[in-house]
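Here's the structure, in C-alpha coordinates; my notes come after.
Numbering (the numbering used here), first residue to last: 8 to 124.
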(Lines of atoms letter the chains of each structure in order from A and count residues from 1; the text may use other names and numbers.)
(Lines give C-alpha, C1' and ligand atoms only; values in the text may rest on other atoms or scores of the structure.)
Protein backbone atom coordinates (compact mmCIF):
# COMPACT_ATOMS: atom_id res chain seq x y z
CA UNK A 1 0.00 0.00 0.00
CA UNK A 2 1.39 3.34 -1.06
CA UNK A 3 0.69 5.25 2.16
CA UNK A 4 1.49 2.50 4.67
CA UNK A 5 4.46 3.44 6.86
CA UNK A 6 5.36 -0.20 7.53
CA UNK A 7 5.26 -1.03 3.81
CA UNK A 8 7.65 1.88 3.26
CA UNK A 9 9.95 0.60 6.02
CA UNK A 10 9.84 -2.92 4.52
CA UNK A 11 10.70 -1.47 1.10
CA UNK A 12 13.64 0.47 2.53
CA UNK A 13 12.05 3.85 1.75
CA UNK A 14 12.05 4.77 5.45
CA UNK A 15 15.11 3.82 7.52
CA UNK A 16 14.83 1.48 10.48
CA UNK A 17 17.16 -0.25 12.88
CA UNK A 18 16.87 -3.77 11.51
CA UNK A 19 17.26 -6.73 13.80
CA UNK A 20 16.30 -9.42 11.25
CA UNK A 21 15.22 -9.56 7.62
CA UNK A 22 14.36 -12.25 5.12
CA UNK A 23 12.17 -12.40 2.02
CA UNK A 24 8.88 -12.32 3.98
CA UNK A 25 9.56 -10.74 7.40
CA UNK A 26 11.27 -7.68 8.79
CA UNK A 27 12.09 -7.14 12.48
CA UNK A 28 13.23 -3.72 13.64
CA UNK A 29 13.54 -1.70 16.83
CA UNK A 30 10.53 0.36 17.90
CA UNK A 31 11.12 4.13 17.86
CA UNK A 32 9.13 4.54 21.10
CA UNK A 33 10.18 1.49 23.13
CA UNK A 34 7.86 0.36 25.91
CA UNK A 35 10.38 -2.10 27.35
CA UNK A 36 14.17 -2.34 27.51
CA UNK A 37 13.93 -4.54 24.39
CA UNK A 38 11.11 -3.61 22.00
CA UNK A 39 11.19 -5.00 18.46
CA UNK A 40 8.43 -4.90 15.85
CA UNK A 41 7.97 -7.89 13.55
CA UNK A 42 6.05 -7.28 10.33
CA UNK A 43 5.24 -9.24 7.20
CA UNK A 44 6.62 -7.52 4.12
CA UNK A 45 3.33 -8.28 2.39
CA UNK A 46 0.64 -5.79 3.41
CA UNK A 47 -1.93 -7.41 5.69
CA UNK A 48 -3.92 -4.70 7.46
CA UNK A 49 -4.51 -6.52 10.76
CA UNK A 50 -4.96 -9.87 12.46
CA UNK A 51 -8.59 -9.68 11.34
CA UNK A 52 -7.36 -10.12 7.74
CA UNK A 53 -5.41 -13.34 8.29
CA UNK A 54 -6.69 -15.99 5.88
CA UNK A 55 -5.71 -19.53 4.92
CA UNK A 56 -3.84 -17.99 1.97
CA UNK A 57 -1.64 -15.68 4.07
CA UNK A 58 -1.52 -17.37 7.49
CA UNK A 59 1.84 -19.07 6.94
CA UNK A 60 3.57 -15.72 7.34
CA UNK A 61 2.23 -15.49 10.90
CA UNK A 62 3.77 -18.85 11.83
CA UNK A 63 7.03 -17.67 10.27
CA UNK A 64 6.90 -14.42 12.27
CA UNK A 65 6.61 -16.43 15.49
CA UNK A 66 9.59 -18.59 14.47
CA UNK A 67 11.59 -15.42 13.87
CA UNK A 68 10.38 -13.91 17.15
CA UNK A 69 11.85 -16.87 19.05
CA UNK A 70 15.13 -16.55 17.13
CA UNK A 71 15.36 -12.79 17.69
CA UNK A 72 14.48 -13.14 21.38
CA UNK A 73 17.31 -15.65 21.83
CA UNK A 74 19.76 -13.44 19.94
CA UNK A 75 18.80 -10.43 22.07
CA UNK A 76 19.34 -12.32 25.31
CA UNK A 77 15.71 -12.69 26.37
CA UNK A 78 16.20 -16.20 27.76
CA UNK A 79 14.23 -15.40 30.93
CA UNK A 80 11.14 -14.64 28.89
CA UNK A 81 9.44 -12.11 26.68
CA UNK A 82 5.99 -11.03 25.57
CA UNK A 83 4.54 -10.87 22.06
CA UNK A 84 1.66 -8.43 21.60
CA UNK A 85 -0.64 -7.78 18.66
CA UNK A 86 -3.15 -4.93 18.67
CA UNK A 87 -6.04 -5.36 16.24
CA UNK A 88 -8.32 -2.58 15.07
CA UNK A 89 -9.29 0.73 16.65
CA UNK A 90 -10.63 -0.72 19.90
CA UNK A 91 -7.51 -2.90 20.18
CA UNK A 92 -5.36 0.27 19.91
CA UNK A 93 -3.73 -0.70 16.61
CA UNK A 94 -1.84 2.45 15.60
CA UNK A 95 -0.53 1.34 12.19
CA UNK A 96 -2.90 -0.53 9.86
CA UNK A 97 -0.33 -3.17 8.92
CA UNK A 98 -0.13 -6.47 10.80
CA UNK A 99 2.66 -6.28 13.34
CA UNK A 100 3.77 -7.94 16.53
CA UNK A 101 5.57 -6.27 19.43
CA UNK A 102 8.36 -8.35 20.98
CA UNK A 103 8.89 -6.96 24.48
CA UNK A 104 11.43 -8.06 27.04
CA UNK A 105 14.44 -7.25 29.15
CA UNK A 106 12.38 -6.64 32.29
CA UNK A 107 10.13 -8.85 34.41
CA UNK A 108 6.54 -8.19 33.42
CA UNK A 109 3.29 -8.49 35.26
CA UNK A 110 -0.27 -7.78 34.26
CA UNK A 111 -0.82 -5.09 33.35
CA UNK A 112 2.53 -5.36 31.56
CA UNK A 113 4.42 -2.96 33.83
CA UNK A 114 2.62 -2.51 37.17
CA UNK A 115 3.12 0.81 38.98
CA UNK A 116 4.84 -0.84 41.98
CA UNK A 117 7.75 -2.33 40.00
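Positions of the beta carbon are idealized from the N, C-alpha and C atoms, including for glycine. Bear in mind the structure is a predicted one, so any value in this text is a computation, not a measurement.
Identify which residue in the options has its Cα closest to the Cα of residue i.
i, options, result
"residue 40", "116, 108, 118, 19", "108"
"residue 25", "84, 78, 96", "78"
"residue 84", "34, 63, 44, 103", "44"
"residue 29", "101, 21, 51", "51"
"residue 61", "89, 36, 105, 113", "105"
"residue 91", "115, 81, 82, 18", "115"
"residue 89", "101, 99, 113", "113"
Assuming residue i and residue j make a contact with CB atoms under 8 Å, what is their CB distance in whole Å?
i, j, result
"residue 56", "residue 94", "5 Å"
"residue 46", "residue 34", "5 Å"
"residue 103", "residue 11", "7 Å"
Could you tell me if residue i is buried or exposed, where buried requires 16 or more neighbouring beta carbons within 10 angstroms of its beta carbon?
i, result
"residue 42", "buried"
"residue 21", "exposed"
"residue 110", "buried"
"residue 72", "exposed"
"residue 96", "exposed"
"residue 23", "buried"
The beta strand (DSSP E) with residue i in it runs from where to where?
i, result
"residue 18", "Neither: residue 18 is in no beta strand (DSSP E) and is coded neither H nor E."
"residue 34", "32-36"
"residue 60", "No beta strand (DSSP E) holds residue 60; DSSP gives it neither H nor E."
"residue 91", "88-91"
Is the beta carbon of residue j closer than 7 Å to that of residue i?
i, j, result
"residue 75", "residue 48", "yes"
"residue 8", "residue 70", "no"
"residue 67", "residue 31", "yes"
List the endpoints of the continuous alpha helix (DSSP H) containing residue i.
i, result
"residue 53", "Run containing residue 53: none; DSSP gives neither H nor E here."
"residue 77", "66-81"
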